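Peer 1: Numbering (the numbering used here), first residue to last: 13 to 80. The C-beta atom is built at its ideal place from N, Cα and C for all residues, glycine as well. If you're wondering where the values come from, they're calculated on a predicted model, not measured in any experiment.
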């Protein structure tokens with residue numbers, strides 16, 4: 013099992029595009045680890061995102077509400 017995934021692997025694991033992954037990171041819905049110019053992702057963080065998605069944690073929130 014890999015401890016860190018690159019952007020392509022993380023997007024593939026979630027069945028989304030790399031640009032969608034980037035948007036989710038900007039929206040602070042998925043965490044990333046910066047290593048120099050590389051962005052890496054922990055499988056546990058991807059699993060947490062999927063769980064939160066399944067639980068409806070990302071439904072419309074009032075403006076300014078924090079995701080974390």
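With DSSP as the reference, label residue 46 as helix, strand or coil.
Peer 2: Locating residue 46 in the chain shown gives position 34, counting from the first residue. Strand, per DSSP.
Peer 1: Taking the C-alpha atoms as reference points, what is the distance between residue 22 and residue 47?
Peer 2: On the chain shown, residue 22 is found 10 positions in, with the first residue counted as 1. On the chain shown, residue 47 is found 35 positions in, with the first residue counted as 1. Roughly 15 Å separates the two Cα atoms.
Peer 1: Can you give the Cα-Cα distance for residue 45 and residue 65, rounded to whole angstroms?
Peer 2: Reading the chain shown from its first residue, position 33 is the one you call residue 45. Reading the chain shown from its first residue, position 53 is the one you call residue 65. Taking the straight line from one Cα to the other gives about 21 Å.
Peer 1: Are residue 51 and residue 14 closer than 8 Å when you measure CB to CB?
Peer 2: Mapped onto the chain shown, residue 51 falls at position 39. Mapped onto the chain shown, residue 14 falls at position 2. Not in contact: residue 51 and residue 14 (Cβ atoms no closer than 8 Å).
Peer 1: Quick check on residue 16: buried or exposed, where buried means 16 or more other Cβ atoms within 10 Å of its Cβ?
Peer 2: The residue you call residue 16 lines up with position 4 of the chain shown. So residue 16 counts as exposed.
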